[in-house]
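Colleague: Handing you a structure now.
Protein chains in written order, with this note's numbering: chain A, 1 to 427; chain B, 428 to 854.
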């Protein structure tokens, strides 16, 4: 079926505005490892990825899924060892404060659980988030989407500026003073919730501030933010949906960010495409949540989620993907930093592991975001066979995020295409 | 692993209070067709079911899942024919007013979409639901859970008594007067929302009132409720998560209930265990929702959801399961009505197709609910190898809901076990 006909059918069946990537959308029919293939057989390198983290059509995952679905896939009100073993294995990937796990089907659902857990345990409802974040699509979680400074319309949510070095809240301030300035905003948000009688339940952050554009964060900010949150009686929620699962070269984004969360939310990469998400915390927090809510999630904690979740962890561990991410990611980032020197449109190169952001700026000013240029780069790279997207508070950050199995040769191929793209832009 | 050890591990890993069925929980390790098997190899007939509607380990579904996961499973911002075809096929199972579909991962997520769709389209936020219902576990959807008459704490939700003939709102009234009495409650709830300045966005019901205990509804109530809702400018949301997919012998619960919804929510049976749910409506409603929200759901609308969703529909159609449900369900219900005549503890036998409820009452009064007896029956049946559960506003309804592939021989086996259970109770 040709792409135009399919797009028209899609518009009728899914409604107008169902999101599509690229000026000329791709019709993808097959995936294998780091590659996706369109209907004409053309090969693309998946550098958007996010979900199928151990590679498209990963054989170990396919086999685990097939075997389990052919054996048993039922709701969780019978005892089954699979989901217990997955919960134990997940908890063991954190420090001792994380003991128990509530499974769900999406990052949205897992963040719903996290918010209700923090709110229930504190008896307060106020949540602080950052002002260019996204944590999910439900009514409660959606209140945290793209909250600008003047858009705090939800009585129980306050947005603070996300911490960053590139466009600092206090230009010219030392890193320590800058951290303090951001902390003061956090304290102010907490005070505002308390003054309004809402009270403070917790702070939620993506530890690498992925939707904000992967900013370099003033040293010490997150550790001190964690202290501030706890001193105020709140809980710190780490939304590891994008940051976790070795994306940065370590299991969790919070490890690189230098803090320890009370509640950890995971999602996207957990099932390599099977809907699977989790909220992990101390047993006391989980017990309290369960007692208050009698939470049950029909499709979650199933033998299928368990088998596929285990298979993804197996592949990450057996294939040493954390090390691969660290090695290839560092090499790719260093190469992109080199490109920045000769391309004025690249204002900054940021990120960790296999999640790198290129901040595109106008030639005239290093601080003036250029989202048109970011979109142009993304579309050019697509035409050259490399699938990326754009993100960030100004949508001007080219987001480079290949699967964890992305190798050095893949990185070299990408750099060749990237150089051609940059040459065209510069030309 | 023995059941006690596994239960203790589970309590640590998933937290205390993760729901389990039965006084002595079952450790289930395998499923096949209508059967589940515990770790000792003992066979049980799954008469709770709900999700794996075409049978456990259904081969056609397993093959579709395996093949698709080995081919492509990626997010929906590329064009892919699979999900378009599934949306078209689902829409075609409704009347012409249902044109477009938004996929998600759970009934909760699909009901979130439905509520936001109705609220966005009307510009009002007030929702009317019934007072012993359950539509999901998120903050917004959870506001509708078990709302008693005095528990209308959510400003934008009003609960009305669910319509029923067994414990009628007006004892002794004619069926027509009774329908009118329930309608007056609906009108009152709408007025209350308008008087409070909240406004009326819509009514949400399970068309067979499954959580309420499958009541027989006064004739004409639902059709007139639909008129009332539309006259007041609201939308009628049918939550077909339990009622749909031929559970009643027809594709949708609303067909038997005699009304046409504006928004249809489906979930549980759609993927035979794969997380898959949908919100379907007119293209205008779906377009409006998408324009207002830019809704995106990472795991939803995937090629995997599409392939598995199609496989389930294939099996239902190819194997003539609607006809099977009608035939076996009618025979089973008739047999249970026979048992009611000699067992005073059975106050009522209700339901349609393969979803039957036995209302357990105290011997002294046909109207006094006996939840202890319902739980006893459920546990007794379990010990005899038949898995049911209890439901209803008083938790006194034994819920009998085998897979759509449940045959007459399975029904006969069940009746033998049921007779033994009743004999023990009567004895």
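All residues carry an ideal CB built from backbone N, CA and C; glycine is no exception. Note that this is a predicted model, so its numbers are computed, not measured.
#1: Tell me which residues share the same chain as residue 432 of chain B and place their Cβ nearer than 7 Å to its Cβ, disregarding the 5 neighbours each side in the sequence.
#2: By DSSP, does residue 38 of chain A sit in helix, in strand, or in coil?
#3: Nearest to residue 242 of chain A by CA position, among A/8, A/234 and A/251, is which residue?
#4: What are the boundary residues of the alpha helix (DSSP H) that residue 176 of chain A is part of?
#5: Relative to chain A, which residues along the region 757-778 of chain B have a C-beta separation below 7 Å, given in chain order?
#6: Nearest by alpha-carbon distance to residue 69 of chain A: which of B/498, B/487 and B/500 is it?
#7: What is the residue span of the alpha helix (DSSP H) that residue 826 of chain B lies within?
#8: Report the option in B/683, B/837, B/639 and B/518 whose CA atom is closest to the CA atom of residue 824 of chain B.
#9: Any beta carbon from chain B within less than 9 Å of residue 76 of chain A's own beta carbon?
#10: Residues of chain A with a CB under 8 Å from the CB of residue 714 of chain B: which are they?
#11: For residue 699 of chain B, does the three-state DSSP call read helix, strand or coil?
#12: Less than 9 Å between CB atoms is the rule here; does residue 51 of chain A satisfy it with respect to chain B?
#13: Who are the near neighbours of residue 576 of chain B in its chain, counting only those whose CB is closer than 6 Å to its CB and skipping five residues on each side?
#14: Three or more C-beta pairs closer than 8 Å, one from the region 314-324 of chain A and one from the region 464-480 of chain B: is that the case here?
#15: Would you list, in sequence order, the uninterrupted alpha helix (DSSP H) runs of no fewer than 4 residues that lie entirely inside the region 239-306 of chain A?
#16: Kindly indicate if chain B contains any beta-carbon less than 9 Å away from that of residue 416 of chain A.
#17: Check whether the Cβ atoms of residue 587 of chain B and residue 612 of chain B sit closer than 9 Å, and answer yes or no.
#18: Three or more beta-carbon pairs under 8 Å between the region 708-715 of chain B and the region 448-464 of chain B, yes or no?
#19: At the level of alpha carbons, what is the spacing between residue 550 of chain B and residue 562 of chain B?
#20: On the three-state DSSP scale, how would you describe residue 507 of chain B?
#21: How about residue 492 of chain B and residue 104 of chain A: are their beta carbons less than 9 Å apart?
#22: So, for residue 499 of chain B: in the same chain, excluding its five sequence neighbours on each side, which residues have a beta-carbon less than 6 Å away from its beta-carbon?
#23: Are any of the Cβ atoms in chain A nearer than 9 Å to that of residue 710 of chain B?
#24: Considering only DSSP beta bridges, list what residue 627 of chain B is partnered with.
#25: Counting only beta-carbon atoms, is residue 551 of chain B nearer than 9 Å to chain A?
#26: Using 8 Å as the cut-off, can you tell me whether the region 811-823 of chain B makes contact with the region 758-771 of chain B, which would need three or more C-beta pairs spanning the two stretches below that distance?
#27: What do you get for residue 732 of chain B, buried or exposed, if any count of 16 or more other CB atoms within 10 angstroms of its CB means buried?
#28: Would you list, in chain order, the members of the region 100-114 of chain A that have their beta-carbon closer than 9 Å to a beta-carbon of chain B?
#29: Helix, strand or coil for residue 115 of chain A per DSSP?
#30: Just list the alpha helix (DSSP H) runs in the region 757-842 of chain B, keeping only unbroken ones of 4 residues or longer that don't cross its boundaries, in chain order.
#31: May I have the straight-line CA-CA distance separating residue 636 of chain B from residue 537 of chain B, to the nearest angstrom?
#32: How about residue 212 of chain A: is its C-beta nearer than 9 Å to some C-beta of chain B?
#33: Are the CB atoms of residue 249 of chain A and residue 357 of chain A within a distance shorter than 9 Å?
#34: Can you find a CB in chain B that lies within less than 9 Å of the CB of residue 320 of chain A?
#35: DSSP on residue 90 of chain A, reduced to helix/strand/coil?
Modeller: Result, derived from the coordinates:
#1: Translated into positions along the second chain, residue 432 of chain B becomes position 5. Closer than 7 Å at Cβ, skipping near neighbours: no residue.
#2: By one-based count along the first chain, residue 38 of chain A stands at place 38. Strand, per DSSP.
#3: Here residue 242 of chain A corresponds to residue number 242 of the first chain, with the count starting at 1. Selected option, being the one with the closest Cα: A/251.
#4: Within the first chain, numbered from 1, the residue matching residue 176 of chain A stands at position 176. Per DSSP, residue 176 of chain A belongs to the alpha helix (DSSP H) from 175-195.
#5: none
#6: As a first step, residue 69 of chain A must be located in the first chain, where it is residue number 69. Taking only the C-alpha atoms, the option nearest residue 69 of chain A is B/487.
#7: For the purposes of this step, residue 826 of chain B is taken as residue 399 along the second chain, with counting starting at 1. Premise fails: residue 826 of chain B lies in the beta strand (DSSP E), 824-827, not in any alpha helix (DSSP H).
#8: In the second chain, residue 824 of chain B corresponds to position 397, counting from 1. Selected option, being the one with the closest Cα: B/639.
#9: What you label residue 76 of chain A is simply residue 76 of the first chain in a count that begins at 1. Yes, residue 76 of chain A lies at the interface with chain B (some Cβ there is under 9 Å from its Cβ).
#10: The residue you call residue 714 of chain B lines up with position 287 of the second chain. Simply 15, 16 and 17.
#11: Residue mapping note: residue 699 of chain B aligns to position 272 of the second chain, counting from 1. The answer is strand: DSSP assigns residue 699 of chain B an E or B state.
#12: Position 51 of the first chain holds residue 51 of chain A. Output row for residue 51 of chain A: interface = yes.
#13: The residue you call residue 576 of chain B lines up with position 149 of the second chain. Residue confidence is low: residue 576 of chain B scores 44 on pLDDT, short of 50, so the model does not pin down where it sits. No coordinate-derived value is stated.
#14: no
#15: 253-257 and 283-293
#16: To locate residue 416 of chain A, count along the first chain from 1; it is residue 416. No, residue 416 of chain A lies away from the interface with chain B (no Cβ there is under 9 Å from its Cβ).
#17: Counting from 1 along the second chain, the entry for residue 587 of chain B is found at position 160. Counting from 1 along the second chain, the entry for residue 612 of chain B is found at position 185. The criterion of a C-beta distance shorter than 9 Å is satisfied by residue 587 of chain B and residue 612 of chain B.
#18: The answer is no - the region 448-464 of chain B does not touch the region 708-715 of chain B, with fewer than three Cβ pairs under 8 Å.
#19: For the purposes of this step, residue 550 of chain B is taken as residue 123 along the second chain, with counting starting at 1. For the purposes of this step, residue 562 of chain B is taken as residue 135 along the second chain, with counting starting at 1. So the two alpha carbons sit approximately 22 Å from each other.
#20: If you number the second chain from 1, residue 507 of chain B lands on position 80. In the three-state reduction of the DSSP assignment, residue 507 of chain B falls in the coil class.
#21: Your numbering for residue 492 of chain B matches position 65 in the second chain. Your numbering for residue 104 of chain A matches position 104 in the first chain. Result no, Cβ atoms of residue 492 of chain B and residue 104 of chain A do not sit closer than 9 Å.
#22: Locating residue 499 of chain B in the second chain gives position 72, where the first residue counts as 1. Closer than 6 Å at Cβ, skipping near neighbours: 730.
#23: The sequence position of residue 710 of chain B within the second chain is 283, counting from 1. It does: the Cβ of residue 710 of chain B has a partner Cβ on chain A nearer than 9 Å.
#24: Within the second chain, numbered from 1, the residue matching residue 627 of chain B stands at position 200. In the DSSP output, where bridge partners are listed per residue, residue 627 of chain B has B/553.
#25: Indexing the second chain from 1 puts residue 551 of chain B at position 124. Taking Cβ atoms only, chain A never reaches closer than 9 Å to residue 551 of chain B, which makes this a no.
#26: Touching, no, given that fewer than three Cβ pairs across the two stretches are closer than 8 Å.
#27: In the second chain, the residue the question calls residue 732 of chain B occupies position 305. Buried, because 16 or more other Cβ atoms sit within 10 Å of the Cβ of residue 732 of chain B.
#28: 100, 101, 102, 103, 104, 105, 106, 107, 108, 109, 112 and 113
#29: Residue mapping note: residue 115 of chain A aligns to position 115 of the first chain, counting from 1. Of the three classes helix, strand and coil, the one that applies to residue 115 of chain A here is helix, per DSSP.
#30: 798-810
#31: In the second chain, the residue the question calls residue 636 of chain B occupies position 209. In the second chain, the residue the question calls residue 537 of chain B occupies position 110. When the Cα atoms are used, residue 636 of chain B and residue 537 of chain B turn out to be separated by approximately 18 Å.
#32: Looking up residue 212 of chain A in the first chain gives position 212. Chain B contact via Cβ: absent.
#33: Here residue 357 of chain A is taken as the residue at index 357 of the first chain, counted from 1. Here residue 249 of chain A is taken as the residue at index 249 of the first chain, counted from 1. No. Outside cutoff.
#34: Here residue 320 of chain A refers to the residue found at position 320 of the first chain. Residue 320 of chain A does not count as touching chain B.
#35: Here residue 90 of chain A corresponds to residue number 90 of the first chain, with the count starting at 1. Correct three-state label for residue 90 of chain A: helix.
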